[in-house]
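Chemist: Protein chains in written order, with the working numbering: chain P, 1131 to 1557; chain R, 2 to 564; chain C, 377 to 507; chain F, 6 to 280. Got a structure here, written out as C-alpha cells. Questions coming.
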Amino acid sequence: MKTIRNVVCPFCGSLCDDIEVEIEDNRVVKVRKGCAISATKFTKYNEERIYKPRIDGREVSLEEAINEAVEILANAKYPALYGWSCTSTEAINIGIEIAELVGGVMDNTASVCHGPTILGEQDAGISTCTLGQVKNRAELIIYWGCNPAHAHPRHMARYSAASRGRFVKGRKERTVIVVDVRKTHTAKTADIFIQIKPNSDFELLTALRWAVKNGELEQEEIAGIPAEKIEELADMLISCRFGALFFGLGLTMSAGKARNIEAAVNLVRELNNYTKFVMVPMRGHFNVTGANEVMAWATGFPFAVDFSRGYPFYNPGDTTFVDVLTRGDCDAALIVASDPVSGFPAEAIRNLAKIPVITLDPHETLTTMISKVVIPTAVVGIEAEGSAYRMDAVPLRLKKLVEPPPGILSDEEVLKLILKKLKERVK
Amino acid sequence: MELLIKNGYVYDPINKINGEKMDIAVKDGKIVESVSSDAKVIDATNMLVMPGGVDIHSHIAGSKVNSGRILRPEDHYKDVKPRTAITRAEVGHTVPSTYTIGYRYARLGYTTVIEAASPPLKTRHTHEELNDIPLIDKSCYLVLDNNWIVLDYLSQGEIDKCAAFIGWIFKALKGYAIKIVNPGGVELWGWGKNVESLDDQVPPFDTTPREIIRGLCKINKMLNLPHTIHLHTNNLGKPGNYRTTIETMDTVSDLADGKPNIHITHVQFCGYGGDSWITLRSGAPEIAKYVNNHNHVTIDLGQVVFGDATTMTGDGPFQFILQNLTGNKWKNADVEAEGSAGIVPYKYKRKNFVNAVQWTIGLELALLIKDPWRVFLTTDHPNAGTFMKYPRVITWLMSKVAREKVLNKINKRAKKRSTLPSIDREYTFYEIAIITRAATAKALNLANKGHLGVGADADIAIYNINPMEIDPSKEYKKVRRALKRAAYTIKGGEIIVKDGEIVKSFIGETFWVKPAIPEDLEKDMLREVSEKFKEYYTVSLENYIIGENELASSKPIAVKTNL
Amino acid sequence: MIKVILITGRSLNQGVSKELGKFSKEYMEKVAVCELDPEDLKVLGLSSGQNVKVKTKYGEVVVKATESTQAPHKGIAFIPYGPWASILMPSATESTGMPSLKGIDATIEPAKDEEILDPEKLIKMVVGREP
Amino acid sequence: MGEITLKPKVTFKVPIIAETITPDNFAGKPIEEIEKLEMWEGNRKTTLGDLFEAAGSSGEAPADTKIIIEGDVRKVRRIGYKMTDGQILIKGSVGMYLGEKMEGGKIIVEGDADSWVGAGMKGGQIEIKGNAGDYVGAPYRGDTKGMKKGTIIIHGNAGNEVGCWMRGGTIIVKGNAGLFPGIHMKKGTILVEGDCAGRCGAMMKGGKIAILGYVPSVLPSFTFEEIKKSFKVKGEKIKGPFYLFTGDLNENGAGKLYVSTEKNKHLQFYEKYLE
C-alpha cells in the first residue's frame, strides 16, 4: 500500500491540490481531505466503465474503431468536435489540430456554462485575480447566482469565505453576501442574503453601479429589492478594503446572459475607482478553463472556432455547438470527455442522433448510447496525467495514480492515433 | 547535414566583421571552419548576411498574453492565413496565436525571443505556450520583485536565503532572469494603491522600491546569473517619470564592477518629461546623457509604431490609469503573493500629441545613446506596436529622410518640442546588426547566439539586399521590404524560411538557468518557504514545481553561484 | 396545476451520483426530481416523494417532487442538471451559444401514477428510435 | 436593368458561404463566369455553378444589376457582402450575415432572415418582410463598429440586441423586439412599433430609441425628463405621447429613449418627477 499526497482532484474548477489517496494493488482504496464528490470520483471511477471499443454497438479492435473515426471525420463537410472540459490540456491541443485538419467546428462546454462570461469580457474586460488574493485580502465576498456549498464544496473553506490568509484570518473577519433566487445552502451561511426576482440580475447590477456612482434611483423597487437597500449595499461595497464577487450560472444562463456579466464587470470596474474589487467566475468542470486557454493560444479564440475555411473563425451564436446542432448544420461529430445528450435541449439531441457520432469516454453515458463509434479511454487525473487550469487560470499538473485497464489508452494517446491516420488520409 | 552560404556580405559585430564578402560553413547545426564538397550551397551573392535576430523583450507567451488574445477577438478577424502542408493556421494581429508568433519571427530572420514577464505561479502556462511556438528558441523572465517570500527575506535582511530562494525558483520553474516590475507598487496594487517614489514604504513589508532593486541587483550577482536584473520602472507611463528612471539607474551604480548590472526595459514608457499630459516632453536627452556617462546600464527602446497595439504589463496600477484615460475595455489579473497583470487595447495616432511625443522618444534614445552595444531594438511587443514593425523602425534609424517623412505627418506641437528633427545620425547595417542581434545576445550572455563565429549555433538570416550598393538613407523602402521577408532564415542549420515563406517547421529549444545552491542553505530555505507557502498560496509547493518533462525541448544552463 | 418559474443547476447529490454512473439507481433518484416550495406542494396536494409532471413550451417530463431544503421560493421550481431537466429547455440560444437553462415558465401538475422514465427510455422518447 | 435568377440545385445541409453573391461581382459578367464565382460548402471550396442554377443576364454596372434568389437559402450566409449598389431579391428565407458591411443598393427578403442582418452596415437599405434574428446591424464579438449608415426595415419581429454598437443609420422594427435594443448605441435611430422585452438602450452613449408598444421597465440608470408629443424618424412624425428618458447615465450617456405613455401605464409613477 502506498500513499500519494498533494493529488489534484479532477472534478470541479476548484482543482483542490491537497488530496491524499492510498493505493493498493492498482486501486484507490482511501481518499483523505477530498469533498464528498471527490471521494466518490476517486473510488468509484470503475462504475459503468467501457472496456472495449464499439462500432454500432459491436465490439471491435482499437484499430478498427480509429479507422472508422478517421473515415467519418475525413468525409464530413462540416464536422463538429465538442466536449474537452474533462480531459487534459494536452489532449485538447491535439483535438484542435484535428479540427484544423478536417475543417471542423471546435467547441468546448464553456459555450453552455461560462461562454457568456467570455462574451461579456470581450466587450468590457474583467478585473480578476487568483484565488489566493481573495484568501489573503478579501474582507467582503459576494456569491451571485452560484452555490459553492453544492457545486464547489471546498471553495469557501480553501479559497474564499472561510479561508485563512495572510491579512484576513478567517470567516469572522469577512462579510459574506449571497444574491440568489432561492435561499441556497450557501445563502444560509451568509451575513446578508438578497433574494432577487428571477431574470432581473441585470437590473440589480445596473442599479448598484448607478448607486455606487451616487446616482438617484427613481424606481422604489428594482428586481424586488427596495431602492434604499440597494443604496446601503452600494455603500458597503465601496467601504470594504478588498471585495470579491464570485458568480455562477445564475448570471450566465438567465435572461441577459453575457450582458449580465458585462453589467457585473462594469460594476466592479466602477468600484475600483473607490476601493479594490475583483470578480471570479465559478467554473464547473475541472479543465473547462484549460480548454479556453489552449484554444485561445492555438487559435486566438477561447471556444466556438470554425475551421471550415482553413483558418479560425469565431462567432458564438453561429459557431457554438448547440446552435450548430439546432440548425442541423453539422454532418458528423467527435465528442470527447463530455455527455451533451444528458444536458442539451431535445431538438439539439434529435439532430445529434441523426449524424455519425464518435465518442471518447471512460464511462457509459447517454451520448455513448447514440454514438456510432465509441472508444473507451483512461480517467484523466487517476489513470493518466496532464495539465489542467483552475477556475482562476492557475495551471496544475494532474497525476497518474494507477494503471488504466489493459488496452485502454488516454484521450491524448487515442487522439494522437486519430491525428496520425488523418494526416495520411487527408492530403 | 552541411550547408555553405557563399559570397554573402556578412555583418557579425561580435567577431568584428563589417560587411565582408565571405562564406559561412554549417555542419550539424553549428558554424564550422569548412564543409565537404557535398554540402548544400546557398548562393548569397549580393545579399546581406547576419546572425539570426535575438529579441530581448517581447510578450509572446503566458497568462497575460493569452488574456490579451481572449480579450480581443476583434484583433484576429482580419489577420488570418489558412493551414498549409507545413504550417498551422495563422491568426491574430497584435496578439497572434503561438504558431503565428513563431512563423512571423522566423520570416523576419529572428531565431531567439524571450518572454518578458512570467509570474511564477503561472509559469507552467508560459511553458505550455512556449512549447507551441515553432522554430525560434525561447525562454522567459520570472517576475520576482513583488513576491512575498522575496519581500519577507529582503525586509529581514536575509539576503543569502533570498538568493537561495531565487536560485531555487529558477530551477523549479525553468526561467532565465530576474524581472522587476514597478517594485513595491504592484504589491500595493493588491489594495488598489501604488508607490510614487523609490523611497515609499511598502507595508506591511519593511522595505522600499530602492531597497528591493538594490537587493535583487546584489542577488543577481551572488547567483552569477547570465543576464542582469531586467527592470520595468516605478511611475511608468507618467509625465516627468524620466527622473525616476535615472534615479533607478543610479541607485545600483555603486554595485557595478565595470560591466552592466541593470537593464531598463521599454524606456520610451519611462522617458517622459514635463509634469502633465499637456506639458509632456521627451526625457530622452537626459536619459541618453546618463547612459552615455555610465556603463553599468543597458536599455531597450519600446519604440512606438503608429496603429493598433495591445498594452499588457505586470504593472496593474499603470494599466488601471490607462483604462481610465482611454475608457477602453480593461482586464486586470492579480496573482497571489506575486504580482499582477493588466491589459488595455490601444491605438497610437499620429495626430495625437502624446502619441507623437512617445514616437519621438524611442528614436531619440536610439540616436542619442552613442554605444549601440547598450541600446536594443524593441517595441515591447505588443505594447508599443507589434514586432512585425521592426523593419519599419530600423529604416527610421537608418534614414533621416524616412524620419522626416513621418515627422511631417505627426502632431505639430509634438514635432516642435522634439529634438529629433535636429539629429542627423543614421545607423549603419553594422550598428543595426548590433542592436537587433549581437548586443542582445551579449546582454543575455548567450555565447552561441548573435554571432557567426566557429562553434556558434547556425542561426542565420539572409536578406535579399546588397549593402554595398544600396543607400539606406534614400532607398529605405527597399531596405524595409527586404527585412520584412528574409530570403533565407536558417535555424540550427536547417533552412526554415525561403523567400519569406516557411519551408520547414519544428519546435526550438527552451533554455533556462540552473544555479548551483549549497545543499544545507537550500534545505533551510525550503523548510521556511514550505511553511510560508501554506499561508500565502492556494497550491502546494510540490504542485508549484514544473518538471523538466513539461518542456517540449528543455535546455538547462548550469550556473556556478557565489553563494 | 400551478404555474412556476423553472430553474436548473448543480446539486451536491447530482454531483455525487453522477460519479456513480448515469445509469445508476442513485443518479435517477437524485436527478429525476423537482424541488418545490412547501407551500407549492401543499397547493398541489402532494407530499414529498410523489411524482409530478413538469411542462414547458418545449417539452414535458415526469419527475419526483421533493420539498425544497432551500425554501422559501414560492413559485420557483428547481430540477438538477440532467436529461430530465434538459427536455424542458429551449434549444434557441438567442445567438449566444447558451440555451436559457434558468428562469423558464413552466406548469406543474400531480402525476402520482405516471412512471419516471429511466435515461434509456427518455432518450428513446426524444430521438424517436431505439438508441 | 439586368436580372440574374439563382435557384439552389439541392437542399443544403451544411452552411454555404456565398459572399460572392453581390451585384458588384455579377455586373458585366456572362453567366458562365458568374457560375465560376467561389463559394464554400462547409469545408469544401466550390463554385456558384455547382450549388445554384443561374439564369438571365447581369447589367453592365452593379447599379443596373438585380439578383433574384428563389428557393430555400436559409443555410446560405453573407449574401450581399460589402455590396455597393444594385438589388438583391430573396423570395424565401435567408441565412446569417445578410448584407454584412453593405455599402449601398437594396436587399429585399420576402421571408425571414437569420441573425446579424446588416452586420456593420455602412449604407444602402435592407427590408425583411418576415422576422429577423438577433444582433440586427451588430458587429462581431469584441468589435465596436456597428451599423454606421443606411436603413434596415423589419416588418415582423426582431430578436435581441437590435442595433448593438450602432454608430448611425436607421432601424425600424414594425413588430416586436427582444431584449437590449440599442445596447452600446452611439448614434442613429431605432423605432420599435410593437412591444419590447426590455433593457432598451443599455449602456448607450447617444442616439434615439422609440418604443410604441409595451416595455416591462426602464433601466435604473436612465432618468425621466418629460412627456413628449411626438418622435421623428427619417423626417416622419410619429405621434406619442411618450415618456422621454435620458441615459445610460452609468456610461455618462446622452441617449434618448421614448416610450409610449398609453401602452405603459405602469410607468406613470415617473410623472411625480415632473415640474
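Just so it is clear, CB atoms sit at the ideal spot from N, CA and C, and this is done for glycine as well.
1. Determine which residues share a DSSP beta bridge with P/L1528 and list them.
2. Between which two residues does the beta strand (DSSP E) harbouring R/D138 extend?
3. Can you tell me whether R/Q157 is helix, strand or coil according to DSSP?
4. So the candidates are P/A1279, P/G1225, P/P1535; which of them puts its Cα closest to the Cα of P/V1200?
5. Interface residues of chain P around F/T228 at Cβ under 7 Å?
6. Could you check where the beta strand (DSSP E) with F/T228 kicks off and where it finishes?
7. Within 9 Å of any Cβ in chain C, is that where the Cβ of P/V1178 sits?
8. Grab me the residues of R/K162's own chain with a C-beta within less than 8 Å of its C-beta, minus the 5 sequence neighbours each way, in chain order.
9. Using the Cβ count rule (16 or more neighbours within 10 Å means buried), how would you classify F/H189?
10. Report the neighbours of R/W169 on chain P: residues whose CB is nearer than 8 Å to its CB, in chain order.
11. What residues in the segment 419-437 of chain R have a beta carbon less than 9 Å from any beta carbon of chain F?
12. Out of P/P1506, P/H1493, P/C1460, state which residue places its alpha-carbon closest to the alpha-carbon of P/K1484.
13. To the nearest angstrom, how far is it from the Cα of F/H160 to the Cα of F/L103?
14. Just to confirm the assignment, what range does the alpha helix (DSSP H) spanning R/Q324 have?
15. Compare the beta carbon distance of P/D1186 and P/K1502 with 9 Å and say whether it is the shorter of the two.
16. Is there contact here, the segment 318-327 of chain R with the segment 181-189 of chain R, by at least three beta-carbon pairs under 8 Å?
17. Nearest chain R C-beta to P/C1142 closer than 9 Å, yes or no?
18. How far does the beta strand (DSSP E) with P/V1308 in it reach, from first residue to last?
19. To test your reading of the DSSP string, which unbroken beta strand (DSSP E) runs of 3 or more residues are found completely within the segment 154-220 of chain F?
20. So C/S471 contacts chain B; which residues on that side make the cut at Cβ distance below 9 Å?
21. Between R/D276, R/V253, R/G274, which has its C-alpha nearest R/I265's C-alpha?
22. Do we get a CB-CB distance below 9 Å when we pair F/G183 with the residues of chain C?
23. Taking CB distances under 9 Å as the criterion, tell me whether R/H126 reaches chain P.
24. Leaving aside the five residues before and after R/A357 along the sequence, list all residues of the same chain whose C-beta is less than 6 Å from its C-beta, in chain order.
25. Does R/M223 pass the burial test, meaning 16 or more other C-beta atoms within 10 Å, or should it be called exposed?
26. Can you give the Cα-Cα distance for R/A569 and F/I22, rounded to whole angstroms?
27. Would you report the Cα separation of P/G1354 and P/W1340, rounded to the nearest angstrom?
28. Could you give the DSSP three-state label for R/E91: helix, strand or coil?
29. Are the segment 1488-1501 of chain P and the segment 1463-1472 of chain P touching, with three or more C-beta to C-beta distances below 8 Å?
30. I want to see whether chain C comes within less than 9 Å of P/L1401, judged by CB atoms only; does it?
31. Under 9 Å between C-beta atoms, does C/E443 make it to chain P?
32. Helix, strand or coil for F/D148, going by three-state DSSP, please let me know.
33. Closest Cβ-Cβ distance between P/D1459 and chain R: below 9 Å?
34. Give, in chain order, every unbroken run of the alpha helix (DSSP H) that is at least 4 residues long and sits entirely within the segment 1314-1346 of chain P.
35. Short of 7 Å Cβ to Cβ, which residues in the segment 513-535 of chain R face chain F?
36. Counting only the same chain and skipping the five closest in sequence on each side, list residues whose C-beta sits under 6 Å from that of R/N221.
Modeler: Taking the coordinates as given:
1. In DSSP, P/L1528 forms a bridge with P/G1516.
2. Taken as a continuous stretch (DSSP letters only), the beta strand (DSSP E) holding R/D138 covers 138-144.
3. In this structure, R/Q157 counts as coil in the three-state DSSP scheme.
4. Measuring from the Cα of P/V1200, the nearest candidate turns out to be P/G1225.
5. The answer, in chain order, is E1348.
6. Per DSSP, F/T228 belongs to the beta strand (DSSP E) from 228-238.
7. For clarity, residue 1178 of chain P is Glu in the given sequence; the question names Val instead. With 9 Å as the cut-off, P/E1178 counts as an interface residue toward chain C.
8. Only Y154, L522, D525, M526, E529 meet the Cβ criterion.
9. The Cβ neighbour count for F/H189, taken over all protein chains shown within 10 Å, is at least 16; the residue is labelled buried.
10. What R/W169 touches in chain P: nothing, since even the nearest Cβ is about 18 Å away.
11. Cβ contacts with chain F come from no residue of the segment 419-437 of chain R.
12. Ranking the options by Cα distance to P/K1484, first place goes to P/C1460.
13. Rounded to the nearest angstrom, the two C-alpha atoms are 16 Å apart.
14. Start and end: 317-327.
15. Contact: yes.
16. Touching, yes.
17. P/C1142 does not count as touching chain R.
18. If you look at P/V1308, you'll find it in the beta strand (DSSP E) that goes 1305-1310.
19. The segment 154-220 of chain F is shown to contain whole beta strand (DSSP E) runs of 3 or more residues at 156-159, 175-178, 182-184, 194-197, 201-203, 213-216, in chain order.
20. Note that chain B does not occur in the displayed structure, where the protein chains are P, R, C and F.
21. Ranking the options by Cα distance to R/I265, first place goes to R/V253.
22. Yes, contact with chain C.
23. Closer than 9 Å to some Cβ of chain P, the Cβ of R/H126 qualifies, so yes.
24. Only I411, N412, A415 meet the Cβ criterion.
25. By the neighbour-count criterion, in which 16 or more other beta carbons inside 10 Å mark a residue as buried, R/M223 falls on the buried side.
26. Here chain R covers residues 2 to 564 and nothing more, so residue 569 of chain R does not appear.
27. Across the structure, P/G1354 and P/W1340 are spaced so that their CA atoms are roughly 17 Å apart.
28. Strand.
29. Here the segment 1488-1501 of chain P lies against the segment 1463-1472 of chain P, with 3 or more beta-carbon pairs under 8 Å apart.
30. So, not an interface residue.
31. Answer no: the Cβ-Cβ gap between C/E443 and chain P never drops below 9 Å.
32. Looking at F/D148 - three-state DSSP - the assignment turns out to be coil, as it is neither helix nor strand.
33. Not one chain R Cβ lies under 9 Å of P/D1459.
34. Runs found: 1315-1318, 1331-1342.
35. Residues of the segment 513-535 of chain R whose Cβ lies closer than 7 Å to any Cβ of chain F: none.
36. Within the same chain, R/N221 has close Cβ partners I179, I230.
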